[in-house]
Amino acid sequence: MIKLWKVIIVDDERRTRQGIVTLVDWRKLGFEVVDTASDGYIAVEKYKQHSPDLIIIDIKMPRMSGMETIKNIREQDKAVKFLILSGYTEFQYAKQAIQYNVEGYLLKPLEEEELISYLKKINTAFAEETKYKENKKHDQSRSYIDLIIQQKITREVSYFFSEKMKWNYYAILLIRFFDKKQLDLVDIVESIKQYVTKEEGKVFIKNGYVGVLVKENDVGSNSEKVYYPVYYCLKEQNLAFIGAVSDCVEQLESIANCYQQAVSFLQESFFYEEEYMITPYTPMIKERSIDKAADQLSDYKAKLFYAVEIGDDNTFKKLMMEVIVLLAKSAYTEMEIKQQVTTLLTYINNKLSVQHPEVQDKITNKLSDVVSIQQSYSVKQLMSITFEHLKALSSVIDADKSDLIVKRMIHLINKNYDQNIKLDTMADLLHYHKVYLGKIFKETTGEYFKTYLDKVRIENSKRLLLDGFKVYEVAKMVGYTTSDYFHSKFRKYEGMSPSDYRKSKKKMMKEYS
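Heads up: the sequence shown begins at 1 in UniProt numbering, then just goes up one per residue.
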């Protein structure tokens, strides 16, 4: 009889729960839906009742949120797998759940192909874990390594390594795989064993890593020798990975610390290139303070927005690279960097939606691309994902044609006259000298850039004055730093003060009423 993995579906909307139950052929994919729940409290009880292998859960629900439910169950069970259901507006909640080791995010409305893809991946992972558990029974050295890492060293284990194998020094080599495609770690272990002899090291699987307990020498140089055949073995299989090597130790009791040391190195692998080998001598990327980076990040928001809006992909690629490098060189963790980039891209998405309502739906749809940021496994990949997202946004608003540059400048002025807009900033973004840019603007509009901006501000200020706002309030609302400066500009273009203008207009309106 074929084993079916048990599934519970949790969503506060009955139609959504029923829809998911009937969306795919669960048995054909190796699963069975054993129950559903309408909120987090019921989900916890259903979990205790059924001990499911997979829980598909809405992130935002009344009483107990999806994230609270995941946290509650995860404290009891580290093995159960989760798939998160999330709407666009709930994505800020969903990205926080990454710390609870969820399998992925399903955006509403749920699509059949996306769900099937995740279920196939999870089914493969279950099968792999089961296969490994079975193979483990027949592999004495792997069982011994497990005991050593758990610091449960028996006489039998000690005899095996010290007397039978005659090992005097030890180190741990760990491999982390980045591929999101289905991996069979057991097959990978078998392939590595073709390159690493039993005398050189013992290959094992632990917590999703492939490792080698290396027979070291007194100077700790064997680990590097072992890594290179492992490297070529994995390259032949076109796998994306990174390695980490621990210190060399003499005592079996110290191997558990070696394992934890290698794991801690791999937790920093986001900051390194693929296929790199992190060692105890590798400098860690931690230089600046978070406060300093946070101050600088705020300066990039407007520049990035303008660059995307006018379709200057060279500039927004450069700016985004500067942002990510800044974060990578700060004291931010991998998760914090992803959250900062997600927040920044969400800000740009939202502002573009407001500024371009005619394509708001298309811009909003692009927000789903941001989910992949949480799945990025390196700074390099994060840069690539981010650039492609910004490029897609830019193409949506059709701002990538050079012959529209002056029209885009006019559009930006009309939309952002209340901001600190300068010709220098636009010149930097457009890669033109400001003198040349000013010249073509004058030829197209008949006005100097600053004059045009002033006239737009004054026209908008007249409307605000008649709406009853005070002069100093209007000055700030149209982009002038002081009311005196606004007063002088208004008199220059209208021949009277803002107050006199309001009085004259109100008098005129009263006469006609």
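We put the beta carbon where it would ideally sit given N, CA and C, even for glycine.
Note that the structure is predicted; figures quoted are calculated from it, not measured.
Please report the residue range of the beta strand (DSSP E) in which K407 lies.
K407 -> not in any beta strand (DSSP E); alpha helix (DSSP H) instead, spanning 405-416.
How about M61: is its Cβ closer than 8 Å to a heavy atom in the ligand MG?
Ligands in the displayed structure: none, and consequently the ligand MG is not present.
So, helix, strand or coil for R176, using DSSP?
Three-state result, R176: strand.
Tell me which residue opens and which closes the beta strand (DSSP E) that K215 is part of.
Start and end: 209-216.
N222: which of S378, W167, K3, L185 sits nearest, CA to CA?
Checked all of S378, W167, K3, L185; the closest Cα to N222 is W167.
Can you tell me whether DSSP reads E32 as helix, strand or coil?
If DSSP states are grouped into helix, strand and coil, E32 belongs with the strands.
Can you list, in chain order, the stretches of the beta strand (DSSP E) that have 3 or more residues and sit fully within the stretch 219-287?
Those beta strand (DSSP E) runs which fall completely within the stretch 219-287 and span 3+ residues are 241-245.
Have a look at I9 and A43 and give me their C-alpha separation to the nearest angstrom.
Going from the Cα of I9 to the Cα of A43 covers about 8 Å.
Compare the C-beta of K121 with all C-beta atoms of chain C and state if any pair is closer than 9 Å.
Protein chains in the displayed structure number just one, and chain C is not present.
Using only CA atoms, which one of D418, I413, G438 lies nearest to D424?
The shortest Cα separation from D424 among D418, I413, G438 belongs to G438.
Only counting the same chain, and skipping five residues up and downstream in sequence, which positions put a Cβ closer than 8 Å to that of V226?
Cβ within range, chain order: L173, V196, E200, G201, V212, V214.
Tell me the DSSP bridge mates of S86?
BP columns for S86 point to L107.
Can you tell me whether D53 is buried or exposed? The criterion is at least 16 other CB atoms within 10 Å of its CB, across all chains shown.
Looking at its Cβ environment, which holds 16 or more other Cβ atoms inside 10 Å, D53 is buried.
Please report how far the alpha carbon of C248 lies from the alpha carbon of K152, in whole angstroms.
Distance between the alpha carbons of C248 and K152 is about 20 Å.
Checking 9 Å against the spacing of the C-beta atoms, do F82 and S378 come in under that value?
Not in contact: F82 and S378 (Cβ atoms no closer than 9 Å).
Suppose contacts are defined by Cβ-Cβ distances below 9 Å. Is I188 in contact with L239 by that definition?
Yes, the Cβ-Cβ distance between I188 and L239 is below 9 Å.
Less than 9 Å between the beta carbons of S372 and D313, yes or no?
Contact flag unset, no.
Quick one: what's got a C-beta closer than 6 Å to I73's C-beta in the same chain, skipping five residues either side?
If we look at I73 and ignore the five residues flanking it on each side, its Cβ neighbours are Y47.
Could you give the distance in angstroms between the alpha-carbon of V21 and the alpha-carbon of K120?
Taking the straight line from one Cα to the other gives about 16 Å.
Relative to the C-alpha of I84, which residue among Y259, A331, E114 is closest?
Minimum Cα distance to I84 is reached at E114.
Leaving out the 5 sequence neighbours to the left and right, which residues in its chain are closer than 6 Å to F486 when beta-carbon positions are compared?
The answer, listed in chain order, is A475, Y480.
With a CB to CB cut of under 6 Å and the five nearest residues on each side skipped, what residues in its chain are close to T315?
Cβ within range, chain order: A307, L429.
Which of helix, strand or coil does DSSP assign to D53?
Correct three-state label for D53: coil.
Helix, strand or coil: how does DSSP classify D58 here?
Residue state, collapsed to three classes: strand.
State the DSSP-derived secondary structure class of H138, mapped to helix, strand or coil.
Confidence in H138 is poor, its pLDDT being 48 and thus under 50, which makes the residue's placement unreliable; the coordinate value appears in the next sentence. Note: H138 maps to coil in three-state DSSP.
Quick check on K506: buried or exposed, where buried means 16 or more other Cβ atoms within 10 Å of its Cβ?
Exposed.
Would you call M496 buried or exposed, if buried means 16 or more other Cβ atoms sit within 10 Å of its Cβ?
Classification for M496: exposed.
Which one of Y472, V478, K450, T451 has the shortest CA to CA distance from S461?
Looking at the Cα atoms, V478 is the closest of the given residues.
Taking the alpha-carbon positions, what's the K401 to I205 distance?
For K401, the pLDDT reaches just 49, beneath the cut-off of 50, and the residue's location in the model is therefore unreliable, although a value from the coordinates is still provided. Using only the alpha carbons, I get a separation of about 53 Å.
Return the chain-ordered list of same chain residues with a C-beta closer than 6 Å to the C-beta of D184, the five sequence neighbours on each side being excluded.
Answer for D184: E128, listed in chain order.
DSSP on Q468, reduced to helix/strand/coil?
It is worth fixing the name first, because residue 468 is Gly in this sequence and not Gln. In the structure shown, G468 sits in coil (DSSP, three-state: anything other than H, G, I, E or B).
In three-state DSSP terms, what is Y170?
If DSSP states are grouped into helix, strand and coil, Y170 belongs with the strands.
Considering Cα atoms alone, identify which of S246, E250, I255, F270 is closest to Y281.
Nearest option by C-alpha distance: S246.
Can you name, in chain order, every residue of its own chain whose Cβ lies under 8 Å from the Cβ of K455, other than the five neighbours on each side?
Hits under 8 Å: E447, Y493.
Using a Cβ distance threshold of 8 Å, determine whether the stretch 143-160 contacts the stretch 53-67, with at least three qualifying pairs required.
The stretch 143-160 vs the stretch 53-67: no contact.
Locate the alpha helix (DSSP H) running through I192, then write down its first and last residues.
Counting along the chain, the alpha helix (DSSP H) containing I192 begins and ends at 185-192.
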